[in-house]
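For the sequence shown, position 224 matches number 738 in the numbering used here, and the numbering has no gaps at all.
Beta carbons: idealized from backbone N, C-alpha and C, even for Gly.
For clarity, every value in this text was computed on a predicted model and none was experimentally measured.
To start, the structure itself, in structure tokens.
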Amino acid sequence: MTSPSAAPISALNIPSVTSRPSLSCLQWSADGQVFFLTKGSIYILTPDRGVHSVTQGDVHDSHVKWFSTMIDFNPRDVHNWPAGSQDWAGLSLGSLDVGLRAMSCSPSNLTGNGGHVCIAAILSSNMDLSLWHTPKNTIKGEWVKLCDVTPFIAELASREPHCAAEQTLRSQITGLLWSTQAEFDITPAPCLDGSLLVTGTRAGTLMLFRFENSALEHVTTVEVADQWITHLALSPWTSQGGECETTLACGAADGSVSLVKIVQILTSESSPAGFSRGYTIRTRVEKLNLAIFQPDNTGITALRWISPTGNMVLVRATPGVISLWSGGSTTLNWSGTRFLRLCTQKLSVGSSSLHPVSGLHYVRQEDALLVSLFDGTVHVIHSLIEEPTLSDVSHDLTSKRLSDILRSNFTRTERQDISKRDVNRVSGLIPYDDFSVALWVQESAQPSNFDYKYDVLHESTFVAARLCKPPTHDAFLHELSTILNSTKASCGTTPLHLLRPIFLQLQDLLDLQPRVLETLLQNADIWPSSPVLTPWPGEDGPALRTTFRQSLKQHMFGCNVLLSLRLRLSVADFCWRHTTNLSKRDAYSVVAQRFLRSISFIILRILCRHLFAVVACLKAEDIPFLMRIALQSSMPSAPSDLRADAEALLNTLSSHIPSCSTDTYGKESMQENCPACGLVIYLDGDSEATCPKGHTWGRCSVTSFILSTPLLRTCAGCNRKAFLPLSCRDPASTPNWLPSSAQSWVVKEFLECASRCLFCGNNFGSFF
């Protein structure tokens, strides 16, 4: 293995912050953003790779530039625990100096307001839990508090037949974790939140919540231990026969770890009116009679599941010791528990193997577990499949080598001369890709001085650097193919997050142009099956519109084939934007246009099938948009089955509304008036509309109508723009901003269901 480049890929100074080492200090969200947890705030950094913006990132001094924003926490906005109980057991020492203690991000696509993004669940030292989101600009906008969860939890505890002190303990949160989306292997995936927010309390109970209708809903409470639950770890979901299962590891304050099995069951039910099938999720929780780690009165510093060869291994970190547990499998050659004592690496005067863990990551290609400590050292555990060992003999990925790389980058990024007295404290370390490049947060400290350092004097450095050689060309193309062909629409992550390791290897994308194009075109001709919908038997009303919107969203964002095409389009567009060679640029443009047409035709087919199912409920104001969709679907370049659907839709419409015909509405539906001069502009398929006098307007990427209002949303990935849905009116008296030919309830529900970009699948990054 060759030595990586010594220079960091990125280095960003963050002043006046202090952070504590933990696995939640630095973490990726499902939207492709890095969350850096400090005592008083949370910094949110977005790499510019893949973000389509007219301006560069906020940081200009590195190969990877970053957009930044933050969550500003108010330490005075805390829950008053003595109001519920005056007992000493309920005393919160964290209220003396309130700061942030832990956080966890939800899957993407949970909150609304024109775009669906992830939610940040934040835990303070006062054991308060709150939810935060960004209502307007996901890349650089302000994050605001969505709700305080603590009063809701306290109200739940008050319903139980316990004394006031115990009710307080059952309300005080000491650990939290938000699961990934449960995948039920149904296509198209239903638009349900299959994730769970799990919290541990001072009373040793677990509380499970689900995010529904912009608020948390309590699922269940389970009694696990008689100690504080300080650490939680969830294994990946496994699905079989409409059921998803995960194992939750609960770490207590005495060092013990117990297991809880969580099963989610997807139940289908016929819609009240029979338009499409609806689903609900039932959750079953069972505490397993298996204490895998007994109490040893050592504080747990990290807890996480890893999966060598798909088998689950639990990693528990305590001062100086890494403990491993496996329940046994056919592909692992060991089972039971293993205890590995770390050795001190003397890089500075503050080096010690007793420091808390700041990062855990399993490198699949090397079958190695990387453990980073607060003192800036990295320890490598090898052979997780055969027999875990700390021995570096016959391995290229060694503890000393990785620790030296972190120390070398520390020396290069600090503004002062570095000696043995300087400790590079690493409070968080995570992979950027599959660990050839890592991100970490470091701070220089001199503990031998024994002097107090005010918070305002602390300064952390956010570093991205290469730890080992980049993947080979074959490995890179294999990873690209795996992402394009194996990712499921129900995964709850955005294309920006999925393609992050691909966009990082920009030079490989440019150098391997013929092979990249071949990979993009592989399996690109597979189309999803047409939706089979039962015609709506009732009348127009709220039930119809809700069912129409939910079904439309399920087919547009729950389809694996559509997600695969969107990922291919994102890669082709990224290469097109970064290639300077004109011939290569043209080749990527041709491929991107091919994917764009395929996505457009699939969306038109979904719309035609849904409009056919509700045609009996359409009225005169709905005809222009319906005719617009039908005529677009009848183009000679459209597939034959799409043209057949359009013809069937027009014939059925004529039978329900005799006055409706292509001659009457066809020309009118395909033209609009220029907002500036009033001249006619025809729909020609371009993303822009230009009138005879040269006035140029953008078109809505969802409805194709001319954009003549500032009430818009812009995709973070491809920069396409769309109307805001009318549910975003603020205040409610704001006039309707849709054009006169777009006043159909079908258009309004279509805009509501388009919570993400229809073409690249990313979130809408900015609004207004």
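Exposure of residue i, with buried meaning 16 or more beta-carbon neighbours within 10 Å
i, result
"D586", "exposed"
"M1149", "exposed"
"A717", "buried"
"S1151", "exposed"
"H992", "exposed"
"Q686", "buried"
"W602", "exposed"
"R980", "buried"
"V658", "exposed"
"S1168", "exposed"
"R534", "buried"
"S1204", "Checking the sequence shown, residue 1204 turns out to be Thr, not Ser. By the neighbour-count rule (16 or more Cβ atoms within 10 Å), T1204 is not buried but exposed."
"C677", "exposed"
"N588", "exposed"
"L1265", "buried"
"Q1064", "buried"
"H869", "buried"
"R1080", "buried"
"F853", "exposed"
"E656", "exposed"
"F964", "exposed"
Rounded Cβ spacing between residue i and residue j (contact assumed at less than 8 Å)
i, j, result
"T815", "A805", "The Cβ separation is near 19 Å, so there is no contact."
"T744", "A763", "So it is not a contact: roughly 12 Å between Cβ atoms."
"L1238", "L1221", "11 Å between Cβ atoms; not a contact."
"L1034", "V1085", "6 Å"
"V827", "L898", "6 Å"
"L773", "L802", "4 Å"
"A544", "C632", "5 Å"
"L706", "L722", "Not a contact, Cβ separation roughly 16 Å."
"V977", "S524", "7 Å"
"G554", "G613", "6 Å"
"G1279", "A1236", "G1279 to A1236, Cβ: 12 Å. No contact."
"M1184", "L1145", "6 Å"
"F949", "L884", "7 Å"
"T1217", "A1256", "6 Å"
Extent of the continuous beta strand (DSSP E) run through residue i
i, result
"V829", "V827 to T832"
"F488", "Residue 488 lies beyond the stretch modelled for the chain, which goes from 515 to 1282, so this question has no answer here."
"D493", "Within the shown structure, residues of the chain are numbered from 515 to 1282, placing residue 493 beyond reach of any answer."
"L526", "S524 to P529"
"W839", "V835 to S840"
"T560", "S555 to P561"
"L817", "A816 to I820"
Span of the alpha helix (DSSP H) around residue i
i, result
"T1061", "P1056 to F1071"
"C1229", "Note, C1229: premise wrong, no alpha helix (DSSP H); beta strand (DSSP E) at L1226 to C1229."
"P1028", "Q1027 to L1035"
"N923", "S913 to T927"
"R1123", "L1096 to A1127"
"M1141", "I1137 to S1147"
"K1235", "Run containing K1235: none in the alpha helix (DSSP H); it sits in the beta strand (DSSP E), K1235 to F1237."
"K1262", "W1259 to C1267"
"W1211", "That residue, W1211, is in no alpha helix (DSSP H); its beta strand (DSSP E) goes T1210 to G1212."
"E1053", "Here E1053 belongs to no alpha helix (DSSP H), and DSSP marks it neither H nor E."
"N1165", "S1154 to H1170"
"E1194", "Rather than Glu, the amino acid found at residue 1194 in this sequence is Val. That residue, V1194, is in no alpha helix (DSSP H); its beta strand (DSSP E) goes V1194 to Y1196."
Test: residue i CB closer than 8 Å to a CB of chain B
i, result
"I700", "You won't find chain B in this structure, because it holds only one protein chain."
Any non-hydrogen atom of the ligand HEM within 7 Å of residue i CB
i, result
"S1269", "This structure lacks the ligand HEM; in fact it carries no ligand of any kind."
Three CB pairs or more closer than 8 Å across the region 1126-1143 and the region 1042-1055 = Verdict: yes, contact present.
Report yes or no: do three or more beta-carbon pairs, one from the region 877-895 and one from the region 849-861, lie closer than 8 Å?
-> With contact defined as three or more Cβ pairs closer than 8 Å, the region 877-895 and the region 849-861 are in contact.
So, do the region 870-882 and the region 814-829 have three or more beta carbon pairs nearer to each other than 8 Å?
-> Touching, yes, given that three or more Cβ pairs across the two stretches are closer than 8 Å.
Is there contact here, the region 901-908 with the region 968-982, by at least three beta-carbon pairs under 8 Å?
-> No: the two stretches stay apart, fewer than three of their Cβ pairs being nearer than 8 Å.
Touching by the beta-carbon criterion (3+ pairs, under 8 Å), the region 1259-1276 and the region 1101-1120 | Yes, they touch.
Go through the region 608-678 residue by residue and report every complete run of the alpha helix (DSSP H) that reaches 4 residues or more, in order.
-> 664-672, all fully within the region 608-678.
What are the complete beta strand (DSSP E) segments, minimum 3 residues, inside the region 852-914?
-> DSSP runs (the beta strand (DSSP E)) wholly in the region 852-914: 871-877, 882-887 and 892-896.
Sequence ranges, beta strand (DSSP E) only - wholly within the region 671-723, length at least 3 = Secondary structure within the region 671-723: the beta strand (DSSP E) runs of 3 or more consecutive residues, fully enclosed, are 687-692 and 711-715 (chain order).
Within the region 946-1024, ranges of the alpha helix (DSSP H) (whole runs, at least 4 residues) | The DSSP assignment places 987-1000, 1009-1012 and 1014-1018 as complete runs of the alpha helix (DSSP H) inside the region 946-1024, in order along the chain (cut-off: 4 residues).
Mind the definition here: the region 720-739 touches the region 645-664 only if three or more C-beta pairs lie below 8 Å; say whether that holds.
-> As far as the Cβ criterion goes, the region 720-739 touches the region 645-664, which means the pair count is three or higher.
Say whether the region 1007-1022 touches the region 983-997, bearing in mind that this needs 3 or more beta-carbon pairs closer than 8 Å, one atom from each stretch.
-> Flag = yes, the region 1007-1022 and the region 983-997 touch.
Inter-stretch contact (C-beta, 8 Å, three-pair minimum) for the region 953-963 and the region 917-932 = In short, these stretches touch, since the Cβ pair count reaches three.
Every unbroken alpha helix (DSSP H) inside the region 720-785 [4 residues or more] | The qualifying runs do not exist here; there are none.
Meets three-Cβ-pair contact criterion under 8 Å: the region 1252-1263 and the region 1048-1067 = Three or more pairs of CB atoms, one per stretch, sit closer than 8 Å, so the region 1252-1263 contacts the region 1048-1067.
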